[in-house]
Amino acid sequence: MSFGLVLGLVAAAGAASTTLVTELAPDVHFIAGTFIEGRQPDGNSVIFGAPEGLIVIDTVRHREHTQDLLDFARESGEPIKAVINTHWHLDHIGGNILVRQSDPGVRIYASSAIEDAMTGFLANYRTQLEDLIVSATDRPEDQSQFRTELALIEAGPQLAPDEVVTRSGPRHIAGRELVLNLETRAVTAGDVWVLDPASGILAAGDLVTVPVPFFETACPERWAMALQELSDGKFTRLVPGHGDPMSRGAFERYRTGFSRLLACADSERTDEDCADGWISDLGSLVAEADDQRVREMLRYYMDTSLRGDPANVAKLCEA
0 MSFGLVLGLV
10 AAAGAASTTL
20 VTELAPDVHF
30 IAGTFIEGRQ
40 PDGNSVIFGA
50 PEGLIVIDTV
60 RHREHTQDLL
70 DFARESGEPI
80 KAVINTHWHL
90 DHIGGNILVR
100 QSDPGVRIYA
110 SSAIEDAMTG
120 FLANYRTQLE
130 DLIVSATDRP
140 EDQSQFRTEL
150 ALIEAGPQLA
160 PDEVVTRSGP
170 RHIAGRELVL
180 NLETRAVTAG
190 DVWVLDPASG
200 ILAAGDLVTV
210 PVPFFETACP
220 ERWAMALQEL
230 SDGKFTRLVP
240 GHGDPMSRGA
250 FERYRTGFSR
260 LLACADSERT
270 DEDCADGWIS
280 DLGSLVAEAD
290 DQRVREMLRY
300 YMDTSLRGDP
310 ANVAKLCEA
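Letter by letter, the sequence shown follows residues 0 to 318 in numbering that gives the first Met the number 0.
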């Protein structure tokens with residue numbers, strides 16, 4: 000998720016401290032992303048220990064979260080040798096800049112989808128930010144946030160990968176065996192999910208997001224197919240792009256709920272009925288306190304994606 004268009008909805012969706020580093024398994028740690036009212040979100044990060052250093056899945060957007068990653072590396076006495084970006088949304092790649100400054104030898108792995116994004120979605124977002132900066136002259140704090148966001152886009156080449164992931168398969172990265180899987184035209188034009196066979200941990204990026212799927216750049220039907228690919232993976236625990244790590248059983252609830260949400264959107268049922276179904280299907284994955292926010296977000300996505308202009312969705316599904 001990356002765009003200011005839904006900031007008012009997503010920024011209030013609950014928060015978790017990025018200062019808490021959680022051990023998921025030996026040599027596998029997790030730093031939760033944030034939804035803080037009044038600013039754009041950060042995605043989750045996963046850190047794998049490897050013989051040659053650390054491997055970071057997603058460096059996020061805000062400096063303080065990325066600094067948590069750098070502090071962890073410093074305290075462990077290990078350099079960050081590799082970064083794997085699950086997709087190009089700024090709340091997953093913005094920290095690449097700071098990581099490159101801290102560890103100049105780092106290699107960044109990702110799909111090539113950011114190339115088209117820089118001349119498409121991010122170019123449009125840049126124009127939006129420039130307009131917001133002009134209109135926020137009487138709101139210096141907001142203006143500062145807009146300038147910071149704009150600076151990320153202007154740093155384009157520093158966000159891009161050094162190693163482009165063009166196919167799925169095992170990779171030997173920093174001395175650790177990982178399986179990188181490439182999905183095309185799902186959440187974005189190129190989504191990478193990472194399976195660590197040693198621990199059974201799967202980092203899904205925004206292919207799985209709680210409390211709702213984020214459809215801004217998505218092809219819903221291809222996304223559903225990608226979730227089936229995840230289901231076929233040999234994992235015991237899954238880290239979503241946003242939300243708490245989950246068991247395989249919890250993921251299957253998510254996958255089922257996703258399929259039913261698409262079916263509901265394609266039916267004559269009301270938006271409210273579809274939201275009721277999503278909340279019921281996910282059960283404890285959606286906190287009761289998030290009920291109203293979930294309904295607002297789903298209503299937005301019904302209008303803009305699931306029941307929006309078919310031509311716009313078709314463009315996102317083009318191979």
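Ideal Cβ positions, reconstructed from N, Cα and C, are used throughout, including at glycine.
Neighbour flag for residue i against chain D, beta carbons, 9 angstroms
i             : result
glutamate 182 : Among the protein chains of the structure shown there is no chain D, as only one such chain exists.
Beta-bridge partners of residue i, as assigned by DSSP
i              : result
proline 239    : Gly204
leucine 179    : Gly168, Val193
glutamate 162  : Tyr108
valine 27      : Ala24, Phe47
valine 55      : Ile46, Val82
methionine 245 : Leu237
aspartate 41   : Thr33
Residue i vs residue j beta-carbon contact at 9 angstroms
i                : j             : result
glycine 32       : threonine 65  : no
aspartate 90     : arginine 60   : yes
tryptophan 192   : threonine 126 : no
glycine 202      : aspartate 195 : With the sequence shown as reference, residue 202 is identified as alanine, and glycine is not the correct amino acid for it. Result yes, Cβ atoms of alanine 202 and aspartate 195 sit closer than 9 angstroms.
aspartate 26     : arginine 106  : no
phenylalanine 47 : proline 40    : no
serine 198       : alanine 24    : yes
valine 312       : cysteine 218  : yes
isoleucine 79    : isoleucine 54 : yes
asparagine 95    : leucine 158   : yes
Candidates the options, of which the one nearest residue i by Cα
i                 : options                        : result
arginine 62       : Gly52, Gly42, Pro50            : Gly42
alanine 81        : Leu19, Gly174, Thr147          : Gly174
glycine 204       : Gly168, Ser198, Glu220, Met245 : Met245
threonine 183     : Pro239, Leu149, Ser110, Thr235 : Ser110
glutamate 228     : Gly199, Ser167, Ala122, Thr118 : Ser167
threonine 147     : Leu128, Ala313, Val163         : Leu128
leucine 97        : Leu151, Gly52, Ile113, Gln142  : Leu151
tryptophan 277    : Arg221, Arg259, Cys218         : Arg259
phenylalanine 234 : Ser266, Pro210, Glu267, Ile200 : Ile200
glycine 155       : Ala135, Ala122, Ile172         : Ala122
aspartate 270     : Pro139, Ala286, Asp190, Thr303 : Thr303
glutamate 220     : Lys314, Asp70, Thr118          : Lys314
Neighbourhood of residue i by C-beta, 7 angstroms cutoff - its chain only, sequence neighbours within 5 removed
i                 : result
alanine 264       : Cys273, Met301, Leu305, Arg306
phenylalanine 2   : At phenylalanine 2, the pLDDT of 39 sits below 50, so the modelled position is not reliable and the matter cannot be decided from this model.
phenylalanine 120 : Thr216
threonine 21      : His28, Phe29
methionine 224    : none
leucine 131       : Phe145
leucine 6         : For leucine 6, the predicted structure reports a pLDDT of 37, less than 50, and the residue's modelled location is therefore unreliable. The matter cannot be settled from this model.
Close Cβ partners of residue i (< 8 angstroms) along its chain, the five nearest in sequence each way excluded
i             : result
leucine 8     : Low local confidence applies: a pLDDT of 36 at leucine 8 is under 50, so the model's placement there is unreliable, with the coordinate-based value given in what follows. Cβ within range, chain order: Arg292, Glu295, Met296, Tyr299.
threonine 208 : Met0, Pro239, Gly240, His241, Gly242
leucine 19    : Ile30, Ala31
glutamate 317 : Arg184
threonine 136 : Gln142
arginine 247  : Phe234, Thr235, Arg236, Leu237
Whole-number beta carbon distance between residue j and residue i, since they are thought to touch under 8 angstroms
i                 : j              : result
alanine 249       : leucine 284    : 6 angstroms
leucine 226       : arginine 254   : 5 angstroms
serine 44         : aspartate 57   : 5 angstroms
phenylalanine 257 : proline 212    : 6 angstroms
leucine 181       : arginine 170   : That belief does not hold up - the Cβ atoms of leucine 181 and arginine 170 are roughly 11 angstroms apart, past 8 angstroms.
alanine 262       : tryptophan 222 : Not a contact, Cβ separation roughly 14 angstroms.
aspartate 289     : proline 210    : 5 angstroms
leucine 179       : valine 164     : 5 angstroms
glutamate 77      : glycine 104    : 12 angstroms between Cβ atoms; not a contact.
glutamate 251     : serine 230     : 7 angstroms
isoleucine 172    : alanine 49     : 7 angstroms
Residues near residue i in its chain [Cβ-Cβ closer than 6 angstroms; skip 5 each side]
i             : result
alanine 116   : Trp87
isoleucine 83 : Ile56, Tyr108, Val193
glutamine 340 : No statement about residue 340 is possible, as the shown extent of the chain runs from 0 to 318 and does not include it.
leucine 237   : Leu201, Ala203, Met245, Phe250
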